[in-house]
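The sequence shown: position 82 = 384 (my numbering), numbered continuously.
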Amino acid sequence: MAARLHIVLVLALVALFGAPRLSLAQHATQLQAKWHRVKVARVAPAAEELVRLTIDLAGTELAESYETPGQYIQIRTSATEKAGFFAIASAPGETRWELLIKTGTRHGGDTPLPGLSDQLAAMAAGAEVEVTPAQGSGF
């Protein structure tokens with residue numbers, strides 16, 4: 303029950319505030335962030351244009367960085383790609399993190415413009431991504 307409430311709260315915040323835009327300070331943070339290579343454990347539909355991406359934290363100390371619901375991570379498909387910011391939808395203490403990824407992003411038109419979200423949603427279990435430790439103070 304608490305996990306579902308947490309997911310609903312994260313979705314509400316994303317709906318209210320949208321995806322964050324990167325400022326110069328955020329770009330600097332991305333460059334300074336400590337990146338960890340992890341495997342995608344599962345990709346499954348969550349709702350229309352929404353995918354649940356589960357990453358496996360095995361072999362890392364990342365789980366310890368997530369202490370408060372509402373924290374987020376940066377994720378990228380490779381060191382040369384631009385990272386995105388995504389809220390962690392699972393409960394603190396888990397060894398797998400769930401991220402809810404909105405797909406089919408439209409930028410002023412009817413045609414979706416593929417971006418990081420669509421790349422992540424198209425990944426298969428076993429694929430590798432790079433993530434940062436949990437960031438922010440949470441709710």
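Note that CB positions come from ideal geometry on N, CA and C, so glycine has one too. None of the values given here were measured: they were computed from a predicted structure.
- About 17 angstroms separates the CB atoms of residue 403 and residue 436; that is not less than 8 angstroms, and the two are not in contact.
- Excluding residues up to 5 positions away in sequence, 440 lie with their Cβ nearer than 6 angstroms to the Cβ of residue 370 in the same chain.
- The alpha carbon of residue 434 has as its nearest neighbour, out of 392, 354, 363, the alpha carbon of 363.
- Judged by DSSP secondary structure, residue 385 falls outside any alpha helix (DSSP H); it is assigned neither H nor E.
- The Cβ neighbour count for residue 350, taken over all protein chains shown within 10 Å, is under 16; the residue is labelled exposed.
- Pairing residue 348 with residue 354 gives a Cβ-Cβ distance under 7 angstroms.
- Per DSSP, the beta bridge partners of residue 399 are 357.
- Ranked by Cα distance from residue 367, the options 378, 384, 336 are led by 336.
- In this structure, the beta-carbon distance from residue 425 to residue 340 does not fall below 7 angstroms.
- Taking the Cα positions, residue 398 is about 9 angstroms away from residue 342.
- DSSP places residue 369 in the coil class of the three-state scheme, outside both helix and strand.
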